[in-house]
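To start, the structure under review is shown below, and the notes come after it.
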Amino acid sequence: MAAPVSNMARGGSRYGWRLLLRKNHRCFDRQPRLLSAASASTSTDLLPSLHRRGVLKDSFPESAAQVELPQLLRSGPQCVYCGFDPTADSLHVGNLLAIIGLLHFRQAGHDVVALIGGATAQIGDPSGRTTEREPLSAEVLEANIRGVRSGLQQVFSNHELHFCGPSPRLGAVSILNNAAWYRGWDAVGFLCTVGTHFRMGTMLSRQGVQSRLRSPQGMSLSEFCYQVFQAYDFYHLNQQHECRIQLGGTDQLGNLMSGHELIHKMTGQQVYGLTVPLVTSTAGDKLGKSAGNAVWLNGDRTSPFELYQYFVRQPDANVDRYLRLFTFLPEAEVDHVMEQQRQDPSKRPAQKRLAAEVTKLVHGREGLESAKRCTSVLYQENLQALEQMSDTELQELFREAPFLELLVEPGTTVLDACRQARAIPEGARGYNMITEGAVWINHSRTTNPDQVLISGQHILSNGLTLLRVGKRNYYILKWLNL
761 MAAPVSNMAR
771 GGSRYGWRLL
781 LRKNHRCFDR
791 QPRLLSAASA
801 STSTDLLPSL
811 HRRGVLKDSF
821 PESAAQVELP
831 QLLRSGPQCV
841 YCGFDPTADS
851 LHVGNLLAII
861 GLLHFRQAGH
871 DVVALIGGAT
881 AQIGDPSGRT
891 TEREPLSAEV
901 LEANIRGVRS
911 GLQQVFSNHE
921 LHFCGPSPRL
931 GAVSILNNAA
941 WYRGWDAVGF
951 LCTVGTHFRM
961 GTMLSRQGVQ
971 SRLRSPQGMS
981 LSEFCYQVFQ
991 AYDFYHLNQQ
1001 HECRIQLGGT
1011 DQLGNLMSGH
1021 ELIHKMTGQQ
1031 VYGLTVPLVT
1041 STAGDKLGKS
1051 AGNAVWLNGD
1061 RTSPFELYQY
1071 FVRQPDANVD
1081 RYLRLFTFLP
1091 EAEVDHVMEQ
1101 QRQDPSKRPA
1111 QKRLAAEVTK
1121 LVHGREGLES
1131 AKRCTSVLYQ
1141 ENLQALEQMS
1151 DTELQELFRE
1161 APFLELLVEP
1171 GTTVLDACRQ
1181 ARAIPEGARG
1191 YNMITEGAVW
1201 INHSRTTNPD
1211 QVLISGQHIL
1221 SNGLTLLRVG
1231 KRNYYILKWL
1241 NL
């Protein structure tokens, strides 16, 4: 059985431990830096600013968090962590606010830990659920961990590159996997060492437990014990990283309380829990894969264009709040953007700024430019933007469109191209569809079936042709022998 606390956490070998952790667990890490004067002043205003923006909702324990926590943050760099169970191969917009919370702390000079729950994902967090999660195979879990890690690294990198100015004073970032510290435990040892600090009455009183116990399916023992494992994660990070602050969604408040109580019993330390509000749809539903409305952060699940459009389409009632939650714009600038919105709401300047800021954070400047090109092609029928698009961007934009690689020969006509793409019926009916104006090539209506394809008009400089038949039937043609 592994000892519950590593000796390296108590002595001066923390630096060596972190190097070992980076090597063995692929930690995305930088050594902590002392707070500059600018960072220290940011820490002074950090909690009030996050509360004003709506990024933080509740704190625990309430009285201590209001008085002692601000003093702790002013005293020097602290460590803040938030956990993410890899129950899918990507995080989603519902997780983004917690990540942004970490980024605010990092920007103020504090160290942050993004904890991937490689162990706890196998147990299944019951918070906010009415049914037990389906178990994950080892192969799926490992793929999910890789996807979540990649997405987190990308967001942290984009934030540092695009949102922190020329000489940022940032805290360290560590992306860890809690499976690393459960491998040495056996069940008996864990229960004897950790389980003895938990009381059944307290565990049963948690709101998430109560709601599941009242459900027809009830609650399994493994789900019931989830709060014990999350509490131990907090304890472990407290010992190894001197972590005293945990961030989580409002549905995690009970688990945060369990961690606070465990650390207090085992060490006597005061630690703190902070919650971010749950992001809901316009219908009031929680955003997430369980609700079936997830907008993913990894580009292979939700393209930069789709993420951009998700925020562009937000109703006016949401946009002021979302600008404060999901962007790093100063509050005065948010007010200015909203004034532009009130002056000309039809142009949706607030939604466009929101979409641009979030897309740049998640996918970087290249992802934002790709999203704008796709928007220009689809909604503004911009031929220049169409010429600048790659094969991949076109396929992402028109996901349902067939992608065909064709050979162009001298004398190839509009009719030939349509038939090779199987975009029109054979015979006179297909011919008549062209003459009647049902066919568009690169956003231009084409009514002459016998028109020979012309480079620069029908075949763009990138070797592509965007063919549309009717209102919604798109075909992407890639000409190979130009």
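Letter 409 of the sequence shown, counting from 1, is numbered 1169 in my numbering, and no numbers are missing. C-beta: ideal position from N, C-alpha, C; glycine also. The model shown is predicted, which means the values in this text are computed figures rather than measured ones.
Assigned exposure category for residue i - 16 Cβ within 10 Å defines buried
i, result
"Glu-1093", "exposed"
"Asn-1208", "exposed"
"Thr-1119", "buried"
"Leu-1240", "exposed"
"Gly-1187", "exposed"
"Arg-1004", "buried"
"Ala-1110", "buried"
"Cys-1178", "buried"
Proximal residues to residue i (C-beta, below 8 Å), its chain only, five neighbours per side dropped
i, result
"Ser-910", "Asn-1058"
"Gly-1230", "Ala-1198"
"Val-1055", "His-852, Val-853, Leu-1047, Thr-1062, Glu-1066, Leu-1067 and Tyr-1070"
"His-1001", "Cys-839, Tyr-841, Asp-871, Val-873 and Ser-934"
Residue i - containing beta strand (DSSP E), residue span
i, result
"Ile-1236", "1233-1239"
"Ile-1005", "1003-1009"
"Glu-828", "From DSSP, Glu-828 is part of no beta strand (DSSP E) but of the alpha helix (DSSP H) over 822-835."
"Phe-1163", "1163-1166"
"Asp-1244", "Limits of the chain in this structure are 761 at one end and 1242 at the other, which puts residue 1244 out of reach."
"Gly-1187", "It is not in any beta strand (DSSP E) - Gly-1187 instead sits in the alpha helix (DSSP H) that spans 1187-1195."
"Leu-1224", "1224-1229"
"Val-1039", "Looking at the DSSP string, Val-1039 is not in any beta strand (DSSP E), and its letter there is neither H nor E."
"Ile-1201", "1199-1201"
Contacting residues, own chain, Cβ-Cβ under 7 Å from residue i (five flanking each side not counted)
i, result
"Glu-899", "none"
"Glu-1147", "Leu-1220, Ser-1221 and Asn-1222"
"Gln-967", "Gly-1014"
"Glu-892", "Gly-884, Gln-977, Ser-980 and Glu-983"
"Pro-886", "Gly-968, Arg-972, Met-979, Glu-983 and Tyr-986"
N-terminal and C-terminal residue of the alpha helix (DSSP H) that residue i is part of
i, result
"Trp-941", "939-942"
"Cys-842", "Not the alpha helix (DSSP H): Cys-842 falls in the beta strand (DSSP E), residues 839-844."
"Ala-903", "898-923"
"Thr-962", "960-965"
"Thr-953", "947-953"
"Gly-1033", "Gly-1033 -> not in any alpha helix (DSSP H); beta strand (DSSP E) instead, spanning 1032-1036."
"Ile-859", "853-867"
"Cys-1134", "1109-1140"
For residue j and residue i, the rounded distance between their alpha carbons
i, j, result
"Leu-807", "Gln-1155", "44 Å"
"Thr-1040", "Gly-854", "8 Å"
"Gly-949", "Gly-955", "9 Å"
"Glu-920", "Gln-831", "26 Å"
"Asn-938", "Ser-980", "22 Å"
"Ser-971", "Gly-1014", "13 Å"
"Arg-929", "Gln-987", "35 Å"
"Leu-1114", "Asp-845", "27 Å"
"Gly-1190", "Leu-936", "59 Å"
"Pro-837", "Asn-918", "22 Å"
"Leu-1224", "Glu-1196", "24 Å"
"Thr-1173", "Gln-1211", "5 Å"
"Trp-945", "Thr-847", "23 Å"
"Ala-881", "Tyr-1139", "41 Å"
"Glu-1169", "Ile-1214", "11 Å"
Contacting residues, own chain, Cβ-Cβ under 6 Å from residue i (five flanking each side not counted)
i, result
"Ile-1194", "Pro-1209"
"Arg-1228", "Trp-1200 and Tyr-1234"
"Ala-903", "Asp-849"
"Ser-1150", "none"
"Ala-1131", "Pro-1064, Phe-1065, Tyr-1068 and Thr-1119"
Is the number of C-beta pairs between the segment 997-1005 and the segment 829-845 that are closer than 8 Å three or more? Short answer: they touch.
Are three or more beta carbon pairs between the segment 1158-1165 and the segment 1220-1238 nearer than 8 Å? Flag = yes, the segment 1158-1165 and the segment 1220-1238 touch.
Is it the case that the segment 1090-1108 contacts the segment 1134-1143, given that we only count it when at least three CB pairs across the two stretches are under 8 Å? Judged by Cβ distances under 8 Å, the segment 1134-1143 makes no contact with the segment 1090-1108, as fewer than three pairs qualify.
Would you be able to state if there are at least three C-beta pairs under 8 Å between the segment 811-820 and the segment 1072-1092? By the criterion of at least three beta-carbon pairs nearer than 8 Å, the segment 1072-1092 is in contact with the segment 811-820.
Using 8 Å as the Cβ pair cut-off and three pairs as the minimum, do the segment 980-996 and the segment 1008-1026 touch? Yes, the segment 980-996 is in contact with the segment 1008-1026.
Check whether the segment 1029-1039 and the segment 998-1012 are in contact - that is, three or more C-beta pairs closer than 8 Å. Yes: the two stretches touch, three or more of their Cβ pairs being nearer than 8 Å.
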